[in-house]
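Mapping of the sequence shown onto our numbering: residues 26 to 396, in sequence order.
In this text, a Cβ means the ideal position worked out from N, Cα and C, and glycines have one as well.
All remarks here apply to the structure that follows.
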Amino acid sequence: ESSRSRSSSTSSATSVEDEETSHQQSCGLEGTASQEFSKGDPTPTSTPPIIQLSASQGQIDIPQEALNQSEEKAKPSSEFFRQNIANEILHTEVMYVQNLRVVTDVYLGSLDEILPKEQTKMIFSNIEVILNYNSMLLDKLRPRVEDWSSDQSLGDIFILLISFLKVYTQYINTFDSALSSLTEARKDPHVCALLKQKESHPSVKGLDLSAFLILPVQRIPRYEMMLRELLKHTDPSHNDYTNLKTASTKMSEVACYINEKKRESENITKVLSIQDSFLGKVQVLAQPHRRFVKEGNLFVQATKKDRYFFLFNDILVQAKHTPATTGLFARKEFNKLERVFYMSKITFGPSECKTPCTFDIIQDLVKVATL
């Protein structure tokens with residue numbers, strides 16, 4: 026009986042060994058360490074991570090160290106990202122230049138024949154100049170990206186051409202006016218029919234002209250983003266790092282410059298529209314230094330009436346506002362100038378009036394108004 030027990034135990038052990046051997050063979054892990062020792066090497070040259078097999082569960086227990094090494098190898102390298110971003114810069118530039126050519130080749134010439142020159146200029150602005158500069162940029166980018174290698178550089182190209190990108194300022198400043206002018210032009214049946222016909226052109230792909238006109242407005246922020254990403258994945262020791270950092274900084278400056286000029290342009294337009302809203306002869310509100318801040322109703326305590334105020338950086342204008350009306354006696358809104366307070370000569374102080382949110386305007390130590 027004892028003999029049968031030992032025999033059963035031996036048979037069981039042999040069965041587990043056979044199962045482990047079978048499992049190792051199926052996983053491609055059959056006794057590699059023992060084979061190396063059998064060749065006469067006293068020790069293996071490097072000790073691989075120990076992989077434990079669980080025969081009872083039919084699973085492989087892989088140490089965390091081996092998993093970490095595997096995950097590290099699976100991570101994309103910085104060079105992988107650099108090449109992808111470079112490809113995106115080139116691809117988007119190709120598409121951008123192609124779309125600008127659609128505007129100049131398909132639309133501009135045709136509309137120039139049926140619209141007044143001034144209106145055509147308003148709609149398309151300096152898009153031909155932008156196309157010329159971006160064609161130069163594309164010609165320089167293409168050979169670099171198509172012949173890409175780990176030490177390839179793009180920063181110097183953008184540094185060279187960034188100063189020319191300020192030509193976008195004029196286009197962006199007049200973009201809203203361009204869309205308004207295009208909307209006005211559509212009222213002409215001939216223009217409307219022509220634009221509809223152009224949408225069937227293979228290069229246009231059914232898009233509206235305004236979808237092409239907005240592209241230069243979106244391009245500078247796109248450059249800024251792509252250069253920032255390329256710099257992020259470029260090692261400081263790379264030969265392109267310094268130029269990319271300079272290009273990224275300068276592109277951000279160009280974007281800020283264009284945005285600031287756009288704000289100034291919008292502000293000047295707003296000041297001019299306020300000036301045009303006044304009836305009769307009024308002083309010139311539009312001045313190079315003047316900036317619009319806010320407008321709205323305030324209650325004047327002395328007259329017990331609401332008045333409309335325009336606040337600028339240097340003056341406060343009080344007006345009687347008449348809103349627009351529709352119908353048989355339709356009219357535009359207009360304002361009648363009543364008073365102008367110069368900010369350099371007045372101060373604002375708390376009012377003695379018990380009404381909440383009330384303040385005094387004081388000039389030469391004298392209260393001149395309570396609002």
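Alpha-carbon spacing of residue i relative to residue j, whole angstroms
{"i": "residue 385", "j": "residue 373", "result": "6 Å"}
{"i": "residue 251", "j": "residue 114", "result": "7 Å"}
{"i": "residue 152", "j": "residue 259", "result": "33 Å"}
{"i": "residue 387", "j": "residue 371", "result": "5 Å"}
{"i": "residue 322", "j": "residue 288", "result": "25 Å"}
{"i": "residue 346", "j": "residue 310", "result": "17 Å"}
{"i": "residue 205", "j": "residue 195", "result": "16 Å"}
{"i": "residue 174", "j": "residue 160", "result": "24 Å"}
{"i": "residue 241", "j": "residue 186", "result": "16 Å"}
{"i": "residue 216", "j": "residue 143", "result": "15 Å"}
{"i": "residue 294", "j": "residue 230", "result": "35 Å"}
{"i": "residue 128", "j": "residue 154", "result": "12 Å"}
{"i": "residue 266", "j": "residue 107", "result": "12 Å"}
{"i": "residue 276", "j": "residue 282", "result": "10 Å"}
{"i": "residue 342", "j": "residue 286", "result": "25 Å"}
{"i": "residue 150", "j": "residue 362", "result": "36 Å"}
Proximity of residue i and residue j at Cβ, strictly below 7 Å
{"i": "residue 302", "j": "residue 359", "result": "yes"}
{"i": "residue 280", "j": "residue 320", "result": "no"}
{"i": "residue 163", "j": "residue 125", "result": "no"}
{"i": "residue 139", "j": "residue 271", "result": "no"}
{"i": "residue 273", "j": "residue 297", "result": "no"}
{"i": "residue 284", "j": "residue 316", "result": "no"}
{"i": "residue 334", "j": "residue 299", "result": "no"}
{"i": "residue 331", "j": "residue 324", "result": "yes"}
{"i": "residue 209", "j": "residue 110", "result": "no"}
{"i": "residue 203", "j": "residue 148", "result": "yes"}
{"i": "residue 430", "j": "residue 198", "result": "Any property of residue 430 remains undetermined from this structure, which presents the chain solely from 26 to 396."}
{"i": "residue 268", "j": "residue 181", "result": "yes"}
For residue i, the first and last residue of its enclosing alpha helix (DSSP H)
{"i": "residue 343", "result": "No alpha helix (DSSP H) holds residue 343; the beta strand (DSSP E) holding it covers 340-347."}
{"i": "residue 121", "result": "103-127"}
{"i": "residue 365", "result": "Residue 365 -> not in any alpha helix (DSSP H); beta strand (DSSP E) instead, spanning 359-367."}
{"i": "residue 215", "result": "214-223"}
{"i": "residue 145", "result": "142-149"}
{"i": "residue 286", "result": "266-301"}
{"i": "residue 170", "result": "152-171"}
{"i": "residue 208", "result": "200-210"}
{"i": "residue 136", "result": "134-139"}
Start and end residues, beta strand (DSSP E) containing residue i
{"i": "residue 189", "result": "Counting along the chain, residue 189 falls outside any beta strand (DSSP E), and DSSP gives it neither H nor E."}
{"i": "residue 320", "result": "317-325"}
{"i": "residue 237", "result": "Element bounds for residue 237: not the beta strand (DSSP E) but the alpha helix (DSSP H), 234-238."}
{"i": "residue 336", "result": "330-337"}
Tell me whether the stretch 223-238 and the stretch 129-138 touch, counting them as touching only if at least three CB pairs, one residue from each stretch, are closer than 8 Å. Contact between the stretch 223-238 and the stretch 129-138 is present, because at least three Cβ pairs lie under 8 Å.
Examine the Cβ distances between the stretch 219-229 and the stretch 185-198 and report whether three or more of them are shorter than 8 Å. They do not touch, by the three-pair rule.
Spell out a yes or no on whether the stretch 107-122 and the stretch 160-175 are touching, meaning 3 or more CB-CB pairs, one atom from each, closer than 8 Å. As far as the Cβ criterion goes, the stretch 107-122 touches the stretch 160-175, which means the pair count is three or higher.
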